[in-house]
Amino acid sequence: MDASETARTIRFTLNGRPVTTTVESHLDLVDLLRRLDHFGARESCGQGLCGCCTVLVDGVAMSGCLTLAQLVDGRRVDAVEGLDRGGALSPVQQAFIDEGAFQCGFCTPGFVLMTHQLLERNPNPSEGEIRDFLAGNLCRCAAYPEIIRAVKSAASRMRASAAA
1 MDASETARTI
11 RFTLNGRPVT
21 TTVESHLDLV
31 DLLRRLDHFG
41 ARESCGQGLC
51 GCCTVLVDGV
61 AMSGCLTLAQ
71 LVDGRRVDAV
81 EGLDRGGALS
91 PVQQAFIDEG
101 AFQCGFCTPG
111 FVLMTHQLLE
121 RNPNPSEGEI
131 RDFLAGNLCR
141 CAAYPEIIRA
151 VKSAASRMRA
161 SAAA
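So in UniProt numbering, spot 93 of the sequence shown is number 93, and the numbers just go up one at a time.
Structure representation (structure tokens):
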């Protein structure tokens, strides 16, 4: 059986834009995103343990390395590249920059997407809630204090924006 016999066409929304593409049955979502010139989600552990490959599928964080591409057929996928609005960084992205919440940057897209999901669910999380929510993401450079500050900063910015 060759790849053409196991390929299927899928349609989904990626960062607000419709996508129609053909995928092989074994293709994971990270590799599909790379085909579509989205490089923020990165495969690191290949086991869904590090968070580097995080994407949002219908608003829920998923490990892109463990999600078969064909499973996003008919769904909404948001990658880190889609968080900006009209060229302006999202409050979460800006807070990560302002707080220096990265060193090498490899894990940053996953942390940014998880923070985005957390703040949609809980606009004023405690430090313990932040730590619990981000526990599935690993930073090998150990920028954790800065990441916590960035999440708190983003939460504050988003609350202030909502109140205005």
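The C-beta atom is built at its ideal place from N, Cα and C for all residues, glycine as well.
The alpha-carbon of E146 is positioned some 8 Å away from that of F102.
With a threshold of 16 other beta carbon atoms within 10 Å, H116 meets it and is buried. Inclusion of A143 and P91 in the CB contact set at 9 Å is not warranted, their separation being larger than that value. At the C-beta level, G64 and L29 come within 9 Å of one another.
Between the C-alpha atoms of C139 and N124 there is a straight-line separation of about 23 Å. Under the three-state reduction of DSSP, A154 is assigned to helix. In the structure shown, P125 adopts coil according to DSSP, grouped into three states.
If you look at A61, you'll find it in the beta strand (DSSP E) that goes 60-63. A41 counts as buried, since no fewer than 16 other beta carbons sit within 10 angstroms of its beta carbon.
V60 counts as exposed, since fewer than 16 other beta carbons sit within 10 angstroms of its beta carbon. Our two residues, K152 and L36, have alpha carbons roughly 32 Å apart in a direct line. Along the segment 5-60, the alpha helix (DSSP H) occurs as fully enclosed runs of 4 or more residues at 29-35, listed in sequence order.
In this structure, the beta-carbon distance from G51 to G110 falls below 9 Å.
Under a 10 Å Cβ-count criterion, Q47 is classified as exposed, with fewer than 16 other Cβ atoms of the shown protein chains found around its own Cβ.
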